[in-house]
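*Asks:* The structure follows.
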Amino acid sequence: MLERVARKLRKAAPSKTARTGKTAPQDPPKRTPREAREARLRAALQQEMAIDVERIVQHSMPTGGHGKLARLRGMKLDAAATRLYHRVEKGFSLPEPRRPFGAQALKGLDVVLANDKHDPDALYAHESRAVLSALEAWNERGERDEAVAPRGDSLPTNPLDAETMAHFITSRRSIRDFAPTPVAREMIEEAVRVAMSAPSVCNRQGWRAYWFDSAEDLARVLPLHSGSGGFADRIPGVFVLTYDIRAFEGPHERNQGYIDGGLFSQNLLLALHGLGLGAVPLNWSRSQQASAKMRAAAGIPDHENILMLVAAGHPAEGYRVARSARRPLAEVLRFGMPEKPDASGMAT
Ligand SMILES: Cc1cc2nc3c(=O)[nH]c(=O)nc-3n(C[C@H](O)[C@H](O)[C@H](O)COP(=O)(O)O)c2cc1C
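Numbering of the sequence shown is given in numbering that gives the first Met the number 0, commencing with residue 0 and proceeding in unit increments.
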């Protein structure tokens, strides 16, 4: 894939002159150093983004109406069905659902369940059947199915809960100093289970987590990261977090995997914190080539994009954290419209 895109780009690439910023005598007007820098940055960005485009074209769920539901397979069918059945669940969670409603979703879910490649044991098939029978009960008999949109009971019931929660969230810090004690697999499973409660677009849950904790695996994965210098050799385990491009559709959802994946990643950090483990997110601000290397080293399929790594383990006795001071609230939060219409109104 990388070679194919590189070939295309070479064909459409700006000349060497444009890439290096050095102006040939026959190539006026001369570029300023700043223009040359910008041209190099533009070319590098276009090269990276062209590969993003190709990967989305190759792997994402196709756009279009219900017609595609009969042809989709695997994760793409899963994601399309999830979006449909979730639309019905959302309808039932409104204070006064319309009656009848869900005709389009009903049609689509019928096609999904008639698709001979659908997996009847998968969550999406189970939930699709559940919402179909809930729709029938509601539309035909006015009976509400309590299971598809149960009453919520998740809000804190007293101010102390809110205080405890704020303390819990704000006491999470990046920990980079670990004890050599291995982390029990049960803790990792529990952390990921809790993290999976993160919200995602139409509940598509495109995130994936790979945990590596053997010396051999760590030796394959960690050297591909840059940003853990000084503590990589003390990391007892590391997650590679990714998202599945196939869970997302078309150009408008191009960034959604990163957004949902970011929410999942933060939940994971909080879940690890809740279990008394230390963790530090590790950037994956890497080239497409580095991502391809990581996918190969870690056995991650081509249809996934890497979000970040998270190192985790039992904190070392007496560990320290970087202060990482937070900005004043006024730099982040604004109420309503700006005082001057042409300014953002944020503190500068
Ligand atoms: C996506 C992401 C990537 C990060 N990458 C690194 C990294 O490569 N190395 C590192 O030591 N810390 C890394 N951090 C940790 C940040 O430095 C840290 O979250 C920030 O300073 C706030 O501090 P806190 O996490 O202790 O609240 C990363 C954080 C995020 C969210």
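All residues carry an ideal CB built from backbone N, CA and C; glycine is no exception.
1) Excluding the 5 residues preceding and the 5 following ARG18 in the sequence, name in chain order all residues of the same chain whose CB lies nearer than 8 Å to its CB.
2) Roughly how many whole angstroms lie between the Cα atoms of THR62 and GLN287?
3) ALA278 bridges to which residues according to DSSP?
4) Can you find a heavy atom of ligand 3 that lies under 7 Å from the Cβ of SER196?
5) What first and last residue would you give for the beta strand (DSSP E) that runs through THR241?
6) Any heavy atom of ligand 1 closer than 7 Å to the CB of ALA321?
7) Measuring alpha carbon to alpha carbon, tell me which residue in SER264, ALA183, VAL147, GLY229 is nearest SER199.
8) Is MET293 near ligand 1, with its Cβ less than 7 Å from a heavy atom?
9) Please give me, in chain order, every unbroken run of the beta strand (DSSP E) with length at least 3 that falls completely inside the stretch 139-217.
10) Give me the residue from ASN157, PRO99, LEU262 with the minimum Cα distance to ASN202.
11) For the alpha helix (DSSP H) that VAL331 lies in, which residues bound it at each end?
12) Are ARG97 and GLY141 close, meaning C-beta to C-beta below 8 Å?
13) Measuring from the CB of MET48, is there a heavy atom of ligand 1 at a distance below 7 Å?
14) Contact defined as beta carbons within less than 8 Å: I believe LEU112 pairs with ALA102. What is the distance between those atoms, to the nearest angstrom?
15) Between which two residues does the alpha helix (DSSP H) holding TYR84 run?
16) With a Cβ-Cβ cutoff of 8 Å, do LEU76 and HIS117 count as a contact?
17) Can you tell me the Cα-Cα spacing of ARG325 and HIS224, whole angstroms?
18) If we call anything under 8 Å between Cβ atoms a contact, is GLY205 one with ALA246?
19) Using the DSSP secondary-structure output, state which residues sit across from ILE305 in a beta bridge.
20) Does the distance from the CB of ASP243 to the CB of MET74 come in under 8 Å?
21) So, helix, strand or coil for SER343, using DSSP?
22) How many whole angstroms separate the CB atoms of VAL182 and GLY312, which I take to be in contact at a CB cut-off of 8 Å?
23) Cutting at 6 Å between CB atoms, please list the residues of its own chain near ALA278, excluding the five before and the five after it.
24) Determine the direct distance from the alpha carbon of ASP301 to that of VAL56, and round the result to whole angstroms.
25) In the DSSP output, what is ASP248 paired with across the bridge?
*Replies:* Inspection of the coordinates gives the following:
1) Summary for ARG18: the model assigns pLDDT 48, below 50, so the residue's position carries little reliability, and this model does not support an answer.
2) 25 Å
3) SER173, ALA311
4) Ligands displayed in this structure: ligand 1; ligand 3 is not among them.
5) 237-243
6) yes
7) SER264
8) no
9) 206-211
10) LEU262
11) VAL331 -> no alpha helix (DSSP H), and no H or E assigned at all.
12) no
13) no
14) Contact doesn't hold; Cβ gap of about 16 Å is too wide.
15) 73-92
16) yes
17) 26 Å
18) yes
19) THR241
20) yes
21) coil
22) 6 Å
23) LEU268, LEU271, VAL309, ALA311
24) 13 Å
25) The sequence given here places Glu at residue 248; Asp does not occur at that position. In the DSSP output, where bridge partners are listed per residue, GLU248 has MET60.
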